[in-house]
Amino acid sequence: MWNINEKYYSLMGYHKSVGFLLLVLVALRLVWALVNWHNRPHGSLAVKLGHAALYLLMAAVPVIAMIRQYGSARGDLEVFGITVMNKIEQPIEWMTQLGNAAHGKLAYLLFVLAFGHIAMAVLHQLHGEKIINRMAGK
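In UniProt numbering, the protein residues as written are 1 to 138.
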């Protein structure tokens, strides 16, 4: 039988790598959205606030994790085996506390908002607004 701590820590490297990769993709998506800002369809205040919350959380969750990683002084941040942030010598308590307090909770909130986003897209599609078609470029 395997030790839960061994399994947890063996998967943590993949978790950090995927999180960093997602942060890069979110940054690219934000650039694309800003470049194409004038092509966006008109949306209600709820749509604008929902998308703003999604973008904010998609950036904040991995950034807060990186702050925690840095402040913990536990080791280098490696992304698929490449060091992207070196370990510091002494922990910075507020960084670790911020990450411990916010990373998981915000990740769950992001999951709920993403699920709601999908549900609303399907609902609008079923009501004939062709939202999914537009997102797919059709």
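Note that the Cβ used here is the ideal one computed from N, Cα and C, for glycine as well.
The model shown is predicted, which means the values in this text are computed figures rather than measured ones.
Residues near residue i by beta carbon distance below 6 Å, same chain, minus five either side
i, result
"His-124", "Ile-131"
"Thr-83", "Asp-76"
Residue span of the beta strand (DSSP E) that contains residue i, given as start and end
i, result
"Glu-78", "77–79"
DSSP three-state assignment for residue i, whether helix, strand or coil
i, result
"Ile-131", "helix"
"Asn-36", "coil"
"His-103", "helix"
"Gly-137", "coil"
"His-15", "helix"
"Glu-89", "coil"
Residues that residue i bridges to, as DSSP identifies them
i, result
"Met-120", "None, per the DSSP bridge assignment."
"Ile-82", "Val-79"
Same chain only: Cβ atoms within 7 Å of residue i, ignoring 5 sequence neighbours per side
i, result
"Asn-86", "Asp-76"
"residue 209", "Only positions 1 to 138 of the chain appear in the structure, and residue 209 is not among them; the question remains open."
Residues near residue i by beta carbon distance below 8 Å, same chain, minus five either side
i, result
"Leu-30", "Tyr-55, Ala-59"
"Leu-22", "Met-58, Pro-62"
Residue range of the unbroken alpha helix (DSSP H) whose run includes residue i
i, result
"Pro-62", "45–72"
key: Touching by the beta-carbon criterion (3+ pairs, under 8 Å), the region 58–74 and the region 88–104   = Enough Cβ pairs lie closer than 8 Å, so yes.
inquiry  = Assess contact between the region 36–51 and the region 104–112, defined as three or more Cβ pairs (one per stretch) separated by less than 8 Å. Is contact present?
reply    = With a cut-off of 8 Å, the region 104–112 and the region 36–51 do not count as touching, because too few Cβ pairs lie within range.
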